[in-house]
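Residues in the sequence shown are numbered from 1 upward in steps of one, following the working numbering.
Yeah, the Cβ is synthetic: ideal placement off N, Cα and C, and Gly gets one too.
The structure appears below as structure tokens.
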Amino acid sequence: QVQTVESGGGLVQPGGSLRLSCAASVRIFSINTMGWYRQVVGKERELVAGVSVGYRTNYADSVKGRFAISRDNAKNTLYLQMNSLKPEDTAVYYCNSVPARMDYWGKGTLVTVSS
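Quick look at the structure:
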């Protein structure tokens with residue numbers, strides 16, 4: 001059973017912007033803090049941003065001031081606006097609850113920042 005479906009990734013030049021979306025099942029979206037995670041090959045998956053049901057947000061230091069997380073509770077959709085992208089932001093991006101649950105992982109969406 002698909003729990004989360006991420007989209008919006010792609011190739012972008014350094015300094016560019018992308019907006020990621022995640023459609024989640026009602027069951028997990030309505031009661032959970034949701035977050036965006038990213039993973040680079042060979043490294044552990046890391047949480048980059050989270051937003052509570054009440055819209056409180058938090059960010060990893062590496063993306064603070066550049067990324068903005070938001071959620072639409074009526075559409076069960078999570079967003080990540082990424083600005084001023086850097087090559088080190090290249091990764092597969094996933095959404096999940098915070099803390100993450102194994103059965104909520106989707107396939108992710110690849111973001112590549114390169115000139």
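With the rule of 3 Cβ pairs closer than 8 Å, the region 90-97 counts as touching the region 35-43. Under the DSSP assignment, Arg71 falls in the beta strand (DSSP E) whose first and last residues are 67-72.
Annotation for Ala24: Thr4, Asn76 place their beta carbon closer than 6 Å to its own, counting only its chain and skipping 5 residues before and after. Per DSSP, the beta bridge partners of Thr112 are Leu11.
Here Ile69 is buried: its Cβ has 16 or more other Cβ atoms, across all protein chains shown, within 10 Å. Per DSSP, Arg27 is one residue of the alpha helix (DSSP H) stretching across 26-29. Listed as beta-bridge partners of Asn58 by DSSP are Gly50. For the 8 Å CB-CB criterion, Thr112 and Gly8 do not form a contact. Boundaries of the beta strand (DSSP E) around Ser97: 91-97.
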